[in-house]
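Report on the following structure.
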Amino acid sequence: MADKVRIAIVGSGPAGLSAAAHAAKIGVSHVLLEKTDHLSDTIYSYQKKKYVMATPTQLVLRADLDFEAGYRETILDVWNKGIADGGVNVRYNAEVKGVSGEKGDFTLTLTNGDKVQAETIILSIGTQGNPNLMRCPGGDLPHVQYQLADPGAYIDEHIFIIGAGDAGIENALGLAADPAQANVVSIVNRSADFSRAKDANVTNLMAARDAGRVSTYTEASPAKVEGGWITLEIPDGETRLKCDRIIARLGSSPPRKFVESLGIEFTSDSRDAYPKLSPNFETTAPGVYVIGALAGYPLIKHCMNQGHDVVEYINGNVTLAPADEPILAQKLAHLPGGLPVAAWLEFLREKVEILNGLSPLQMREFLIDSEVRFYRADEVIFERNSIGSSLFGIASGSVKVEINAANPAITVPISAGSIFGEVGLISGRRRGSTIRASEDTIVIEIPRNAALKLMASVKEARDTVNRITTERTVLQIFGSGLTAHDVADVLAKSEVKEIKPGEAIIREGDESYDIYIVRRGSMVVEREIGGKPVFLNYIPAGQWAGEVSLVEGGKRNATVRAAIRSEVIKLDGDLFRILLNRKPELVARLRAEMSTRRRINEYIDKEKDKFSGVLDYYTSVAKFLVDQGVGEATDVLLIDERLCVGCDNCEKACADAHDGLSRLDREAGRTYANLHVPTSCRHCEHPHCMTDCPPNAIHRGPDGEVFIDNTCIGCGNCQRFCPYGVIRMDKPPPKKPGLASWLLFGMGPGPGEPDKAWKEANAKAGDGSHKQAIKCDMCSGIKGGPACVRACPTGAAIRVSPENFLSVALLDRGRE
Amino acid sequence: MARQAVRQANRSDVRKHEGFLQHGGYRWLWIALALCAVSIAAYLMIDAEPRPRGGTIYGYTLGTIGALLIGWLSLFGIRKRAITTGVYSLKAWLSAHVYLGVSLLVIGTLHAGFHFGWNVHTLAYALMVFVIVSGMFGAAAYAVLPKELSANRGETTQRQWLETIRSLDALLRDAAQPLDRTEADAVRLSTEQTTIGGSFLNRLSGQYPGCGNSRAISEISRLGRGGTSPHAAALDLVDSLLKRKQATLDQARRHIRLRTILEMWLYIHVPVTFALLAALTAHIVSVFFYW
Chain A
1 MADKVRIAIV GSGPAGLSAA AHAAKIGVSH VLLEKTDHLS DTIYSYQKKK
51 YVMATPTQLV LRADLDFEAG YRETILDVWN KGIADGGVNV RYNAEVKGVS
101 GEKGDFTLTL TNGDKVQAET IILSIGTQGN PNLMRCPGGD LPHVQYQLAD
151 PGAYIDEHIF IIGAGDAGIE NALGLAADPA QANVVSIVNR SADFSRAKDA
201 NVTNLMAARD AGRVSTYTEA SPAKVEGGWI TLEIPDGETR LKCDRIIARL
251 GSSPPRKFVE SLGIEFTSDS RDAYPKLSPN FETTAPGVYV IGALAGYPLI
301 KHCMNQGHDV VEYINGNVTL APADEPILAQ KLAHLPGGLP VAAWLEFLRE
351 KVEILNGLSP LQMREFLIDS EVRFYRADEV IFERNSIGSS LFGIASGSVK
401 VEINAANPAI TVPISAGSIF GEVGLISGRR RGSTIRASED TIVIEIPRNA
451 ALKLMASVKE ARDTVNRITT ERTVLQIFGS GLTAHDVADV LAKSEVKEIK
501 PGEAIIREGD ESYDIYIVRR GSMVVEREIG GKPVFLNYIP AGQWAGEVSL
551 VEGGKRNATV RAAIRSEVIK LDGDLFRILL NRKPELVARL RAEMSTRRRI
601 NEYIDKEKDK FSGVLDYYTS VAKFLVDQGV GEATDVLLID ERLCVGCDNC
651 EKACADAHDG LSRLDREAGR TYANLHVPTS CRHCEHPHCM TDCPPNAIHR
701 GPDGEVFIDN TCIGCGNCQR FCPYGVIRMD KPPPKKPGLA SWLLFGMGPG
751 PGEPDKAWKE ANAKAGDGSH KQAIKCDMCS GIKGGPACVR ACPTGAAIRV
801 SPENFLSVAL LDRGRE
Chain B
817 MARQAVRQAN RSDVRKHEGF LQHGGYRWLW IALALCAVSI AAYLMIDAEP
867 RPRGGTIYGY TLGTIGALLI GWLSLFGIRK RAITTGVYSL KAWLSAHVYL
917 GVSLLVIGTL HAGFHFGWNV HTLAYALMVF VIVSGMFGAA AYAVLPKELS
967 ANRGETTQRQ WLETIRSLDA LLRDAAQPLD RTEADAVRLS TEQTTIGGSF
1017 LNRLSGQYPG CGNSRAISEI SRLGRGGTSP HAAALDLVDS LLKRKQATLD
1067 QARRHIRLRT ILEMWLYIHV PVTFALLAAL TAHIVSVFFY W
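Have a look at this one:
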């Protein structure tokens, strides 16, 4: 057993490395425990020559190790050298199994049985967790690996990939990509289909299988591993196959269990929750500190600064201001009152109800993402129909909501402490009303991602937002003359329900008369005609279903089911009828809104004998489009193949409007009844690409476009999250000669994206640009709108929103 | 709802989704017809002495209109390629290009006063007619063929066909291993002597008389199949692979044929336009210099 150290640092990622380097520098006794045989495993496992970014740029680095944007290899070299030169005490192959003791006297037990004694512990183990291991006999043999750094490194081997998620499939395809490597690649899938992986990956895998490049084993699992051989359990018994290498991609178990076993509490049960931390990164277990990605900071610079700071704190320097202090000070400088940063943080946290549950540390991070704004009386905060998905909290003052577009004098007040803008946040649609400050007002504007993170990690915040949202949604869509008091009874019994895709909330012929508001997602309405369901209507978020039976009685006349994963607010029919009796103007309003839907209904009734072909067409095309993700789209590019001559001018226009990179693949994508959905962004209401963007570089712009700004670090997360395969990773090609030079003298590659050969031949040496995520931005900022549509010579390219297209437009089309 | 109305206003009106011929409710067709009607009416009403020709006031007017139109119409190629900012629709440009271009037949003929000869003036006229006729062919192809192209393509892409053919070739090579020399040679006809595109005539006609794959199919069936021996099974496999390849080849070639028709007229339309511009310049210069 070694001597007791002041600090044991678990995990040698950027945060742990920086902490260890600082401890070494200021002479604090320490040990850095790393479970693998090299430092910083996450970055070590990046693919070769991966470019690593250093964001946020405005944040100063105060760590003792150097870090600037560069290739994986360079960064690792710098760190390895820094750790070696700094005299850091590193123990490799030291995975911590358990911790006992308390502050001042911890004992860490390693998997090899060794024990380490320490006064304090810094956990910087990241969020990747440990890969799930092969459990069959022989699973611990050296030719079983859990990662694939360089698919090009293996030649002439029989390789088995275990696990058919995206990681497994990507590895298999990578290994089989170059026939010259002559690898015999097989992938083993426990289930019968490849439903866990993205469609694009499955398609590629199937193509590789059909081409004989990859063998697939389904409903199979490894039974035994021996040197040079693997035995698989397949549906009709066991089979022993030649095997030189096994790559197991069985997913990983998050480190939460381990962290909780140390007595550390998390902020909530949500999967996205982080450990509760003090301003000094101390957890609820005294003496145990958490920093880095595990603390909720995915960016390298943050992590390294925290490593430095936490060692200072432990060493007694508790007054050290965090590195983000100047950024926050700058953010808050324009506010009246001139308080110090800490006082502002406390002020906002106390005043805004949904922020009450945050720790000061969370507040800091929160404020980096958010903006605090000051509005004079009567200043507009946002306008009706503008696009925005941020949430606002009122810290002081109050605002007024112009609920009636025709008469701005009619307003509803919202007072300090409350929130607004939540409808845009939840439904992803445009702002429903204009909001102005009633007096001098300070608000905090919380961008969508930060707001969602807040709701996921703080239960009080979630409940508050849900309560307010439901009330406001009801008041807003049923509108005229209703007050919160009127709907209190209805709301008390309302439920927010999550609906799976395809699940019905209302069934044709049922006797129910509840009414549903679509809070997020979208619904399709169908009726059974001649034994077949016929598509009637599409209901986007922010509208409702079920009013006909409610107002007029009688059985349900149509089925309403979710087009995609959706959330509805269910309002009790009996209570709502009482409300209707009290408020006849509400009945009139519902009837008015019903008339449009009734028109389609009547039309279909009238035509159903004559035009069954039209109805079939209407229904099947609607179904096809919903399957293609149009149900969650806000704006999607369609190509009418009755007009498309295949000139690809749309792609060329796209490239020429955007630094020479096209964001559109016309030919790829699905086609049905001459309607082609090319591989191009749908600008989803709730963009999948935004799910996990470390620098938070994906936003929704003023025209509803989802775009990526140039703080993109090129990590490729968005590309993996997009179910439609519309994001590509690339760097802009060199500038090409102008159109006139090409037309007159044949200089350069001509209109459109230059081919690869030209790009390479004309690339400038030492050009520092790197691959970033590229996607359609709906030509935002370009006068005239989307270039693809403008440049289509035949009118085949159209951009549509689902609620407009899945209606009479489609019926008319079917009749042509 | 009001919200929806705003959303709708922000994008092209889907309900009026029209192709280039119908654009704007046939706006440019009507404009072109009006232009022709006015020209014809004026031609009939103006009593030119000694006979209608380009040198009268009316003739100059028509000539100027025609020359300006030709100049403007020939800029379409630049408009198509210059992706500038600003509100414009290439579809509207094409619509105007088609209808105004056709109206030039009337304007040009009236400008000539039905007076033709073996000179540079009639050369310019003939080239103009040639360009217009090739353009009419193109417009007709654009109006008719995309539907066929789409129906033939289904959900597949060119790249997929090539991949399929390549993988079938790999499978064919494997499947030919157990065969004897003459049979294997037949398979090699398919894997080594099949061209997908071929010459211009092949592409345009869709006929590939020497196609290695069809020859391989007839060779294999001539060599005889049947029976249950492993050898017969291998021949059956080869036969079915060859037929799958043929189906993919047919589909790819139909696609190529349609694309060829959609593109080939441009190889006449555009170069002859340049010839027309040269002849037109000669025509104008000669008229003004050798009055």
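If you're matching them up, the sequences are chains A and B in order. Using the working numbering, you'd call the opening residue of the first sequence number 1 and step up by one each time. Using the working numbering, you'd call the opening residue of the second sequence number 817 and step up by one each time. We treat Cβ as the ideally placed atom computed from N, Cα and C, and that holds for glycine.
Check                                                                                                                                 : Outcome
Alpha carbon of W877 (chain A) to alpha carbon of D659 (chain A), nearest angstrom                                                    : Residue 877 (chain A) cannot be examined here, being either before or after the span of chain A that is shown, 1 to 816.
Start and end residues, alpha helix (DSSP H) containing T1076 (chain B)                                                               : P1046 to M1080
Within 7 angstroms, strictly: CB atoms of H302 (chain A) and D244 (chain A)                                                           : no
Exposed unless 16 or more other CB atoms sit within 10 angstroms - verdict on M53 (chain A)                                           : buried
Cutoff 7 angstroms: K907 (chain B) Cβ touching any chain A Cβ                                                                         : yes
Candidates B:H1047, B:R975 and B:A850, of which the one nearest A1000 (chain B) by Cα                                                 : B:H1047
Expected contact under 8 angstroms - CB spacing of C689 (chain A) and I698 (chain A) to nearest Å                                     : 6 angstroms
Contact with chain A by L1092 (chain B), beta-carbon distance below 7 angstroms                                                       : no
V645 (chain A) at chain B interface by Cβ criterion, 7 angstroms                                                                      : yes
Neighbour flag for N674 (chain A) against chain B, beta carbons, 7 angstroms                                                          : yes
Backbone secondary structure at S919 (chain B) - three-state DSSP                                                                     : helix
CB contact check: F836 (chain B) to chain A, cutoff 7 angstroms                                                                       : yes
DSSP state of D829 (chain B) mapped onto helix, strand, coil                                                                          : Residue confidence for D829 (chain B) is low, a pLDDT of 43 falling below 50, so the modelled location carries little weight; the figure read from the coordinates is stated next. Here D829 (chain B) sits in coil by DSSP.
For Q306 (chain A), three-class secondary structure by DSSP                                                                           : helix
Inter-residue Cα distance where the pair is F930 (chain B) and I1100 (chain B)                                                        : 18 angstroms
Min CB distance I899 (chain B) to chain A below 7 angstroms                                                                           : yes
Proximity test, D1052 (chain B) beta-carbon vs the ligand COA heavy atom, cut-off 6 angstroms                                         : What this structure holds is no ligand at all, so the ligand COA is not there to describe.
Coil, strand or helix - R823 (chain B) by DSSP                                                                                        : Note that R823 (chain B) scores a pLDDT of 36, beneath 50, so its modelled location is shaky and nothing firm can be said.
Interface flag, E817 (chain A) vs chain B, CB-CB below 7 angstroms                                                                    : Coverage of chain A is limited to positions 1 through 816, which leaves residue 817 (chain A) absent and any answer about it impossible.
7 angstroms CB neighbourhood of I233 (chain A) in its chain, flanking five on each side removed                                       : Residue identity differs from the one stated: residue 233 (chain A) is Glu in this sequence, not Ile. Within the same chain, E233 (chain A) has close Cβ partners A220, S221 and A223.
Three CB pairs or more closer than 8 angstroms across the region 429 to 443 of chain A and the region 372 to 389 of chain A           : yes
Contact check, P533 (chain A) vs S522 (chain A), beta carbons under 7 angstroms                                                       : no
Other residues of its chain near F959 (chain B): CB distance less than 8 angstroms, five sequence neighbours each side excluded       : The question names Phe, but residue 959 (chain B) in the sequence shown is Ala. So the qualifying residues of the chain are G835 and L837.
Sequence-distant residues of the same chain with beta carbon closer than 8 angstroms to K652 (chain A), five excluded per side        : S662, P751, G752, E753 and A791
Three-state secondary structure (DSSP) of L133 (chain A)                                                                              : coil
Proximal residues of chain B, C-beta to C-beta of T671 (chain A) below 8 angstroms                                                    : S966, R969, G970 and E971
Segment contact, 8 angstroms Cβ cut-off, at least three pairs: the region 667 to 682 of chain A with the region 634 to 646 of chain A : yes
Which of helix, strand or coil DSSP assigns to L15 (chain A)                                                                          : The question names Leu, but residue 15 (chain A) in the sequence shown is Ala. Of the three classes helix, strand and coil, the one that applies to A15 (chain A) here is helix, per DSSP.
Burial state of T441 (chain A) (16 or more Cβ within 10 Å)                                                                            : buried
CB contact flag (I161 (chain A), I247 (chain A), <7 angstroms)                                                                        : yes
Per-residue burial, F1105 (chain B) [other beta carbons within 10 Å of its own, 16 or more giving buried]                             : exposed
Neighbour list for P751 (chain A) in chain B, Cβ cutoff strictly below 7 angstroms                                                    : R897
Cα-Cα separation, N130 (chain A) to R91 (chain A)                                                                                     : 18 angstroms
Three-state secondary structure (DSSP) of R6 (chain A)                                                                                : strand
First through last residue of the alpha helix (DSSP H) which encompasses E651 (chain A)                                               : N649 to A657
Within-7 angstroms CB hit, Y1083 (chain B) to chain A                                                                                 : no
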